[in-house]
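Here the structure comes first, spelled out in structure tokens, and everything after it is commentary.
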Amino acid sequence: MNRRDFIATTAGVGALAAARGVGSVIPEDRIAPIVLSTWDHGIPANREALRVLEVGGSVIEAVERGVMVVEADPTNLSVGLSGLPDRDGIVTLDASIMSGKGPAGSVCFVQGIAHPISVARMVMEKTPHVMIVGAGAERFARENGVSQRENSLSEGARKAWEEWLKEKKYKPVINIENHDTIGLLAMDENLNMAGACTTSGLAYKVHGRVGDSPIIGAGLYVDDEVGGATCTGLGETVLRTCASFLAVEKMRSGASPQEACEEAIKRIVKKHPTIADYQVGILAMDKKGRHGAHSVHKSFTYALHTQLRQATSYAS
Ligand code: ASP
């Protein structure tokens with residue numbers, strides 16, 4: 278077997294033509310396993326997810342383990358407990374997980390939990406619910422053996438927050454070069470799909486704010502019959518357009534993953550024309566192992582890892 282890893286960048290809506298094709302580098306007859314995720318931190322996440330699949334783990338296990346790598350990275354300022362805080366200096370985390378068979382789980386606004394994705398998985402597997410928030414989610418986690426830490430800021434997050442406090446601009450800081458959430462989609466050899474999405478959310482958000490990442494259909498959506506999609510960027514724009522669900526439904530109607538991503542970004546831009554104020558990136562993958570990626574601005578990077586039964590050269 279021949280493992281291929283690579284990282285790619287989308288060109289943004291300003292260069293739609295140039296971006297076309299970026300997402301179609303896997304030949305249509307490619308077989309799984311395949312793992313696709315957001316940003317450069319997707320590389321270690323994908324490797325772990327693929328490793329889990331290689332040793333026979335389930336696709337749910339793979340997506341959970343994959344994003345846990347990023348949640349555990351103490352230098353990451355946008356995922357996990359080392360993430361940037363809200364405007365009160367408190368880190369609050371959101372996460373969701375979804376099986377292509379339909380089950381889904383999510384947690385919102387949790388504090389002091391190192392791996393919110395694992396609690397989201399527990400919500401999916403141990404309760405009749407989809408979403409549990411705040412103190413209730415923290416209690417549910419503790420009752421299921423998850424330890425809750427004191428919620429303190431990482432050194433990097435404290436420095437950045439103190440800097441932000443000098444001006445305390447009400448408007449959230451949108452850094453389009455250095456986002457954020459890890460959204461990860463995977464398909465195993467038997468074409469079972471799953472996705473996971475986890476974040477500390479928008480930096481300096483209002484205390485209690487929840488973004489798109491834990492909302493099924495917004496930050497993440499997966500359907501084994503069609504494919505999956507996940508988003509990163511300004512969550513409010515993704516929430517208003519149900520962008521992941523939109524992309525999956527476009528694929529259901531015949532769009533390629535790349536076309537589906539472009540349609541979703543087009544919808545977001547139509548509803549939010551002041552694009553200088555925000556970035557959104559979306560990834561999609563279908564049952565054929567094809568993937569797509571698009572973003573409002575340049576600089577949205579994503580990672581794709583797959584394993585080939587025979588060597589195949591990529592056309593980019
Ligand atoms: N989508 C996340 C949120 O709005 C943040 C991000 O991906 O940049 O909470």
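Counting in the numbering used here, the final residue of the sequence shown is number 593, and the numbers go up one at a time with none missing. Beta carbons: idealized from backbone N, C-alpha and C, even for Gly.
query	result
How many Å lie between D465 and S335 at the Cα?	8 Å
Thinking T458 and V356 are a contact (beta carbons under 8 Å), I'd like their distance in whole angstroms, please.	7 Å
When the Cα of A471 is compared with those of I493, S490, G485, V499, which residue comes out closest?	V499
Taking only the alpha-carbon atoms, compute the straight-line gap between K543 and G422 and give it to the nearest angstrom.	43 Å
Just checking my contact of G382 with V410 at CB under 8 Å: how many whole Å lie between their CB atoms?	About 12 Å separates the two Cβ atoms, so there is no contact after all.
Taking only runs of the beta strand (DSSP E) that begin and end inside the region 434–498, which ones reach a length of at least 3 residues, in chain order?	459–464, 470–476
Along the beta strand (DSSP E) that carries S314, what are the first and last residues, could you check?	311–315
Taking buried to mean at least 16 other C-beta atoms within 10 Å of its own C-beta, is G298 buried or exposed?	Because the pLDDT at G298 is just 33, under 50, the model does not fix this residue reliably, and the point stays unresolved.
If we count Cβ pairs, one from each stretch, closer than 8 Å, do we get three or more for the region 422–439 versus the region 494–512?	no
L370 and T509: beta carbons closer than 9 Å?	no
Does the beta carbon of T458 fall short of 8 Å from some heavy atom of the ligand ASP?	yes
Cutting at 6 Å between CB atoms, please list the residues of its own chain near G433, excluding the five before and the five after it.	L354
Can you tell me which of Y555, L581, N469 puts its alpha carbon nearest to the alpha carbon of G377?	N469
Given a threshold of 16 other Cβ atoms within 10 Å of its Cβ, counted over all protein chains shown, does T507 qualify as buried or as exposed?	buried
Tell me where the beta strand (DSSP E) around C385 begins and ends.	381–387
Counting only runs of 4+ residues fully inside the region 500–558, write out the alpha helix (DSSP H) ranges in chain order.	512–518, 520–529, 534–548
Examine the Cβ distances between the region 514–526 and the region 483–493 and report whether three or more of them are shorter than 8 Å.	yes
Please report the residue range of the alpha helix (DSSP H) in which V400 lies.	393–403
With burial defined as no fewer than 16 other Cβ atoms inside 10 Å of the residue's Cβ, what is the status of P405: buried or exposed?	exposed
Using CA coordinates, which residue listed in S477, G333, P550, R486 is at the minimum distance from I390?	S477
S572 bridges to which residues according to DSSP?	G558
Have a look at I320 and R342 and give me their C-alpha separation to the nearest angstrom.	13 Å
Is E513 near the ligand ASP, going by C-beta to nearest heavy atom under 8 Å?	yes
For the ligand ASP, I want to know if D371 counts as a neighbour, meaning its beta carbon is within less than 8 Å of at least one of the ligand's heavy atoms.	yes
What's the gap between the Cα of E331 and the Cα of A339?	10 Å
Near W438, what residues of its chain come up, given a Cβ to Cβ distance below 6 Å and the 5 sequence neighbours on each side ignored?	P362, G366
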